[in-house]
Every structure is written in structure tokens, then in C-alpha cells.
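Converting from the sequence shown to my numbering requires adding 1 to each position, the first position being numbered 1. C-beta atoms are modelled at their ideal positions from N, C-alpha and C, and glycine is treated no differently.
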Amino acid sequence: MKQTEQRAVLTQAIEAKVHRLDMDALVKLAADLKVPMPEIAASPQRHRTAASTHTGGPTGNAVLVGKGIGRVLPAREGARRLDKITVDDDAIDWAESELVGAGEVVSRLKVARATLDNWRKGNKVIALRKGLRNYVYPLRQFDRRAPVDGLDKVTSLFSSAEEAWEWLITPNRTTGGGAPIDELRAGNVEAVVSAAEGALDYT
């Protein structure tokens, strides 16, 4: 999926999510994103005095009524403003052009579909869910016609395929500053497994 397509999908998902938020959630989102609250037409401010129920306490506390949070933005306008104040996350770029479906994998590796399914069920490969039943596979995890040696030892240490793959493709000082997956491809299985175990010690 190209970055522009991925961006469109993410924008639609965010737009749909924002559209379903109640007012309190919208206010919290605006505060988290540091979005200035829109000004609305001035309205008379009222002050109310509430009698204290505490013995010996003050006779009253002024409750100030402000301008409110302003109008609720349409979903499209909210998405536009979110797009304006956010930046692309390079962390998602690893998925671009490296993930292929099962059919493409068996075609490139020249293996049977059953073989790929057995690898997936046996946690020998990283299979990322796409929808309810489909999977996509990072090509970088394969060497010639099989998964790289030691891949299963690393993935077994993580709670999900997504978490394992993110760690494998992120440059790591304990693997010489390179991505652990490249060290696996170079045959440095023990070093990568040790690095993964060390990383999880701090989680």
C-alpha cells in the first residue's frame, strides 16, 4: 500500500472515530492535540453563588460560567485540522512495499501454500493480519526459499507478530547499530536472540 493510500485510510479511520466521540471526549482530544478552542459569539455570563454545606466554612463560592467549548466541528473539518497539526510517522513506512499476500510469497519462494500455512501456524514466520482471515508477510524475513534461521526463536519472545517485526526492523545498538533482521540474515542468531531477551528485560 502506497503512503498516499495508507494516509487516506488512516484519515478516514480517524474521521470516523472523531465523528463518534461525545463532547467530553472531543474536548479531551482537542486538549491532547493542543488545538485552540474556537471562539463563539459572546453570551451574557452569569455568576451563581452556592451555599457551603460545611460547618464553619465560607458562606458561598462563586461559580464562574465561561464561554463554553464552542461549536462541534463537522467530521471532515475535524480531520482537516488534525491533518494540519500532525506529521507522518516514519515508523509505519516499514510496511510500505515490503508486505505481500500469501499468493505472492508462495510464487516467489516456489513453495506450496500448505508449507506457508504450516510455517504460520507453527510460528516459523511473521504473519500480520489483514482483515479477519487474511495475512500479509514481510518479504525481508525470507532467505532463498525459507524463513531466515533463528526467526522463530526471536518471535517466540514477543507477545505479537507486530511487536516482533517492529523490533526486528528497528536499528539496535546491541546488534551493531543495524536492524536485528539483517543480523539474522547474516547468520548471527545467538546475538540477535540475546539482544531480544535483553530488550524484553526492560519492558
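Supposed close pair residue i, residue j - CB separation, criterion 8 Å
{"i": "G125", "j": "P148", "result": "For clarity, residue 125 is Lys in the given sequence; the question names Gly instead. The pair is a contact, with the Cβ atoms about 5 Å apart (cut-off 8 Å)."}
{"i": "V190", "j": "G151", "result": "3 Å"}
{"i": "P139", "j": "L100", "result": "6 Å"}
{"i": "T176", "j": "V193", "result": "6 Å"}
C-alpha gap between residue i and residue j, whole angstroms
{"i": "A187", "j": "W166", "result": "17 Å"}
{"i": "P181", "j": "R134", "result": "29 Å"}
{"i": "I15", "j": "A80", "result": "7 Å"}
{"i": "P75", "j": "I127", "result": "40 Å"}
{"i": "S157", "j": "L30", "result": "36 Å"}
{"i": "R8", "j": "A113", "result": "34 Å"}
{"i": "D23", "j": "R109", "result": "48 Å"}
{"i": "A103", "j": "Y136", "result": "7 Å"}
{"i": "K122", "j": "D153", "result": "11 Å"}
{"i": "D25", "j": "V19", "result": "12 Å"}
Opening and closing residue of the beta strand (DSSP E) in which residue i lies
{"i": "P139", "result": "N135 to P139"}
{"i": "R130", "result": "L129 to K131"}
Simplified DSSP state of residue i, which is helix, strand or coil
{"i": "S98", "result": "With a pLDDT of only 47 at S98, under 50, the local geometry of the prediction cannot be trusted, and no value is derived from it."}
{"i": "R114", "result": "helix"}
{"i": "K37", "result": "The question names Lys, but residue 37 is Pro in the sequence shown. Looking at P37 - three-state DSSP - the assignment turns out to be coil, as it is neither helix nor strand."}
{"i": "A31", "result": "helix"}
{"i": "A180", "result": "coil"}
Element boundaries [alpha helix (DSSP H), containing residue i]
{"i": "K125", "result": "No alpha helix (DSSP H) contains K125, which DSSP labels as neither H nor E."}
{"i": "L169", "result": "A162 to I170"}
{"i": "T156", "result": "L152 to T156"}
{"i": "G79", "result": "A76 to I86"}
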